[in-house]
Amino acid sequence: MNTSVLPGDSFNQHHWSIWDALPWVLGLAVFYLFDGYLALGTIVIIMIIACMSLNLVLGYGGVETLGHAAFFGIGAYVAGLWAIHVTPEPITGLFAAAAVSALFGLLSGYFLMRMRSLTLLMLTLAVGMAVYEFANKWSSVTGGDDGLSGISVAPLFGVFEFDLVGRTGYLYALGVLFIVFLLFRAVVCSPFGLALRGVRENIWRMKLIGSPVTLRLVTAYTLAGAIAGLGGALYAQTIQVVGLDSLSFELSGNLLIMVVLGGVGRLYGPFVGAIIFLLVQDRAAAFSPQHWMFAIGIVLILSVKLSENTLIQKAGHGLKKWTMW
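Note that full-length UniProt numbering gives residue 112 to position 112 of the sequence shown, counting from 1, and the numbers run on in steps of one.
Following this line, the structure appears as structure tokens:
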């Protein structure tokens, strides 16, 4: 996949500005102004976290994958099983899900990150399908086709109950997203992030200068697994049921579409892509439940045609021009 250096994507251009507060202001505005959409808003936040994970390996490391839902689903099942069999306390469930997903990323990445191109693409797909089938067959633990139910989550910090409206779940997810974003930003703006972009641009040149390419990719893949696992854990804790769809190829494909919509290798790309995808899905499904993917296809085609680097580039250029006055 050709992921050339994007404008504003260089190592020294990720400065904090007033615009960095915009996503969080909007997130809080949704909480106070749109009570009826908190459930959808929570799903959007969870998908943003999952897209950050994919964007790290695809957008910054140049690693093509079709099985990224495996990390998300593992995190969801671990958090669900943790709540049922260990403790319903949600924070420890988050850490458990992130740890197991990271371990899976480390073990699978040790072999996968030595592959390239079509071979890597097919192997990630195979791993994702294997995890899906494993969860399906191990029905005594995962619930199989019926899904994992009976998940009960204790009040957050022992105080805030998870209500039916979704207020606690929304703020909980938003808080986790904020922490994950700070971590993500620190990683991609660090020398490690710069090295990842070097691998994306020319892996052979990085090897020639002595850079430990495989180690960096395995590290990124492990970190991506942990981030996606956090998203899956949030999904299990807020929805309180986990199905095989959290491991499906469809979810992997949807995550890829979201990343492309927002901009591959863009810092705020996951925000833009997830919001566009899920809002279009929600509105289109309400209008025509059988053909909502048609609307997604149109949006995807238009975004690619309108800008080489998708929708966020034009918005970014507009903001830069506006702030120069």
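Ideal Cβ positions, reconstructed from N, Cα and C, are used throughout, including at glycine.
When the Cα atoms are used, what is the spatial distance from Ser267 to Val218? In the sequence as presented, Ser is not what sits at residue 267; that position holds Leu. Cα-Cα distance, rounded: 21 Å.
With distances taken Cα to Cα, identify the nearest neighbour of Ser252 among Val25, Leu174 and Phe71. Phe71
Tell me where the alpha helix (DSSP H) around Glu177 begins and ends. The sequence given here has Leu at residue 177, not Glu. Its alpha helix (DSSP H) spans residues Arg167 to Val188.
For the stretch 49-65 and the stretch 247-261, state whether three or more C-beta atom pairs, one from each stretch, are separated by less than 8 Å. yes
Round the Cβ separation of Ala228 and Ser101 to the nearest angstrom and send it over; I've been treating them as touching at under 8 Å. 6 Å
Are the CB atoms of Ala76 and Ser246 nearer to each other than 8 Å? yes
Entirely within the stretch 219-272 and at least 4 residues each: give me those alpha helix (DSSP H) ranges in chain order. 249-262
In the DSSP assignment, find the unbroken alpha helix (DSSP H) run with Arg205 in it and report its ends. Ile203 to Leu208
Member of Ala286, Val127, Val299 and Pro289 whose CA lies at the smallest distance from the CA of residue 405: The chain is shown only over 1 to 325; residue 405 falls outside these bounds and no answer can be derived.
Can you tell me which of Leu234, Trp16, Gly297 and Ala135 puts its alpha carbon nearest to the alpha carbon of Phe162? Leu234
Looking at C-alpha atoms only, which residue of Thr238, Ala83 and Thr222 is the closest neighbour of Tyr170? Thr238
Taking the alpha-carbon of Ala195 as reference, which of Leu182, Leu215 and Val176 has the nearest alpha-carbon? Leu215
Counting Cβ pairs, one atom from each stretch, are 3 or more of them under 8 Å apart for the stretch 188-208 and the stretch 148-155? no
Proximal residues to Trp16 (C-beta, below 8 Å), its chain only, five neighbours per side dropped: none
What residue from Ala284, Ala236, Phe294 and Arg167 has the CA that sits closest to Phe34's CA? Arg167
Quick one: give me the first and last residue of the alpha helix (DSSP H) that His85 is part of. Ala69 to His85
On the CB-based measure, 16 or more other CB atoms within 10 Å of its CB, does Thr119 come out buried or exposed? exposed
Host alpha helix (DSSP H) of Leu33 (start-end): Leu22 to Leu33
Member of Ser303, Ala286, Gln240 and Ser288 whose CA lies at the smallest distance from the CA of Gly263: Ser303
Considering only DSSP beta bridges, list what Leu148 is partnered with. Val242
Per-residue DSSP class, three states only, for Phe134: helix
Excluding five sequence neighbours on each side, which residues of the same chain lie with their C-beta closer than 7 Å to the C-beta of Gly144? Asn136
Whose CA, out of Ile179, Asp146 and Val280, lies closest to the CA of Leu230? Ile179
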